[in-house]
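Residue numbers (our numbering): 9 to 140.
As structure tokens, then:
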């Protein structure tokens, strides 16, 4: 390789590394979406909409006013550098926490905090008095 070409390549080395990192993250995000699409299609095919359990759960969610998140929550599954992977995992955990479905009590009711959160009302629970 002529020295002029080698010099040009060395000058662009940092630029090429940055491009490689962007490309690898784009491929990882594409893999995440493909995995999400495949799992969604599988779940859709094996779910019977006429199943009484499915209908009961749908009615319960409707009664509580639960709606799915506005955007799909896509779990990061692709192999990434550790720093980027930790950021993506943290972003996913925050989204899941924001849109998680509250678990009803044993009698099928929700706590006041969960109900207020579902309705979008800011709620600060009062701490229990200590027995000192």
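A virtual CB, placed ideally from N, CA and C, is assigned to each residue, including glycine. Quantities reported herein were computed from a predicted structural model and do not represent experimental measurements.
Start-to-end residues for the alpha helix (DSSP H) that takes in residue i
{"i": "residue 80", "result": "Here residue 80 belongs to no alpha helix (DSSP H), and DSSP marks it neither H nor E."}
{"i": "residue 90", "result": "90 to 107"}
{"i": "residue 62", "result": "60 to 72"}
Nearest residue (CA-CA) to residue i, options the options
{"i": "residue 108", "options": "91, 84, 80", "result": "80"}
{"i": "residue 46", "options": "92, 82, 67", "result": "82"}
{"i": "residue 32", "options": "19, 62, 93, 17", "result": "93"}
Test item: CB-CB of residue i and residue j under 9 Å
{"i": "residue 103", "j": "residue 77", "result": "yes"}
{"i": "residue 36", "j": "residue 88", "result": "yes"}
{"i": "residue 63", "j": "residue 57", "result": "yes"}
Just to confirm the assignment: which complete alpha helix (DSSP H) runs, minimum length 4, are found wholly within the region 18 to 50? none
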